[in-house]
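Heads up: the structure comes next, in structure tokens.
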Amino acid sequence: AQSVTQLDSHVSVSEGTPVLLRCNYSSSYSPSLFWYVQHPNKGLQLLLKYTSAATLVKGINGFEAEFKKSETSFHLTKPSAHMSDAAEYFCVVSPHSGGSNYKLTFGKGTLLTVNP
Amino acid sequence: GAGVSQSPSNKVTEKGKDVELRCDPISGHTALYWYRQSLGQGLEFLIYFQGNSAPDKSGLPSDRFSAERTGGSVSTLTIQRTQQEDSAVYLCASSLEAGGGYEQYFGPGTRLTVT
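So this is what it looks like as structure tokens:
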């Protein structure tokens with residue numbers, strides 16, 4: 001079984017300040033972890049993924065996330081927020097291997113607001 | 001290149017009617033997935049296709065829901081006798097192969113409203 005908890009449903013930051021979106025996971029298997037972003041009326045876009053290689057993962061648009069097994073966390077960060085970062089962000093887990101390794105389990109999402 | 005496309009983008013239907021939602025995956029992608037995004041439940045897995053076969057239908061919420069995939073390409077999700085609780089955004093995704101290392105590419109979704 002696997003699950004994801006996004007600790008904040010809404011995060012508000014000022015443009016140019018750091019972003020931190022928090023995610024904790026639970027998985028019976030060694031997990032693959034992802035962050036997806038959804039802009040209004042747009043499809044989901046993959047920001048970055050962890051699949052058992054380097055624990056610090058760099059993604060698109062300056063985002064990165066660190067896999068911490070001891071804390072079962074995969075928090076998403078960005079040093080400096082841009083107005084275009086305003087969107088909903090989903091933390092996602094799937095088993096890295098095994099019969100259900102295609103099945104994505106999504107968190108409830110964190111809405112990021114960026115203030116000018 | 002072309003991404004995953006879905007049609008229609010919006011569908012309003014009366015309770016009790018049947019609806020069909022279409023997904024065109026990225027060419028060459030063998031795996032196809034349907035998800036549902038609703039306010040109360042978030043994003044939920046519905047069904048997975050490998051080629052034309054559906055090894056995992058575990059997420060379909062009731063027997064009113066069915067899906068098929070033909071020619072290893074286009075997929076149709078059918079909801080019979082729609083209910084108001086079926087109102088949601090239905091998302092389709094495809095990946096080159098199935099598995100945790102392969103990115104799932106999502107379409108823009110079909111917003112279904114049952115009145």
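From first to last, the protein sequence lines are chains R and X.
Yeah, the first sequence ends on 116 if you go by the numbering used here, and it's all consecutive.
Yeah, the second sequence ends on 115 if you go by the numbering used here, and it's all consecutive.
Here a beta-carbon is modelled for each residue, glycine too, at the ideal position from N, C-alpha and C.
Partners in chain R for residue i, counting only beta-carbon separations shorter than 9 Å
{"i": "Glu103 of chain X", "result": "Phe34, Leu46 and Lys49"}
{"i": "Phe65 of chain X", "result": "None at all; the shortest Cβ gap to chain R is about 17 Å."}
Interface partners of residue i on chain X, CB under 9 Å
{"i": "Tyr89 of chain R", "result": "Under the 9 Å cutoff, chain X gives no residues; its nearest Cβ is about 12 Å from Tyr89 of chain R."}
{"i": "Phe106 of chain R", "result": "Tyr35, Gln37, Gly42, Leu43, Glu44 and Phe45"}
{"i": "Lys69 of chain R", "result": "Those within 9 Å of Lys69 of chain R in chain X number zero; the least Cβ separation is about 16 Å."}
{"i": "Gly59 of chain R", "result": "The contacting residues do not exist; Gly59 of chain R stays about 12 Å from chain X at best."}
Partners in chain R for residue i, counting only beta-carbon separations shorter than 7 Å
{"i": "Ala31 of chain X", "result": "Tyr102"}
{"i": "Leu77 of chain X", "result": "By Cβ distance, chain R contributes nothing, its closest Cβ being about 16 Å from Leu77 of chain X, past 7 Å."}
{"i": "Gly123 of chain X", "result": "Past the boundaries of the shown model lies residue 123 of chain X; chain X is included only from 1 to 115, so the question cannot be answered."}
{"i": "Gly72 of chain X", "result": "What Gly72 of chain X touches in chain R: nothing, since even the nearest Cβ is about 16 Å away."}
Contact belief for residue i with residue j at Cβ below 8 Å, rounded distance in angstroms
{"i": "Val114 of chain R", "j": "Val13 of chain R", "result": "6 Å"}
{"i": "Lys49 of chain R", "j": "Ser30 of chain R", "result": "About 14 Å; that fails the 8 Å criterion."}
{"i": "Phe49 of chain X", "j": "Ala31 of chain X", "result": "7 Å"}
{"i": "Thr77 of chain R", "j": "Pro18 of chain R", "result": "7 Å"}
Residues sharing a beta bridge with residue i, DSSP
{"i": "His10 of chain R", "result": "R:Leu111"}
{"i": "Pro8 of chain X", "result": "Bridge partners of Pro8 of chain X: none, in fact."}
{"i": "Pro95 of chain R", "result": "R:Pro31"}
{"i": "Phe106 of chain X", "result": "X:Ala93"}
{"i": "Asp56 of chain X", "result": "X:Tyr48"}
Contacts of residue i in chain X (Cβ-Cβ under 7 Å)
{"i": "Gly62 of chain R", "result": "Residues of chain X passing the Cβ test: none, with the nearest at roughly 19 Å."}
Contact set between residue i and chain R, taken where Cβ atoms lie within less than 8 Å
{"i": "Tyr48 of chain X", "result": "Tyr102 and Lys103"}
Under 8 Å by beta carbon: chain X residues contacting residue i
{"i": "Gly16 of chain R", "result": "Chain X residues near Gly16 of chain R: none, gap ~30 Å exceeds 8 Å."}
Taking only beta carbons into account, state which residues of the stretch 15-27 of chain X come closer than 7 Å to chain R, listed in chain order.
Cβ contacts with chain R: none found.
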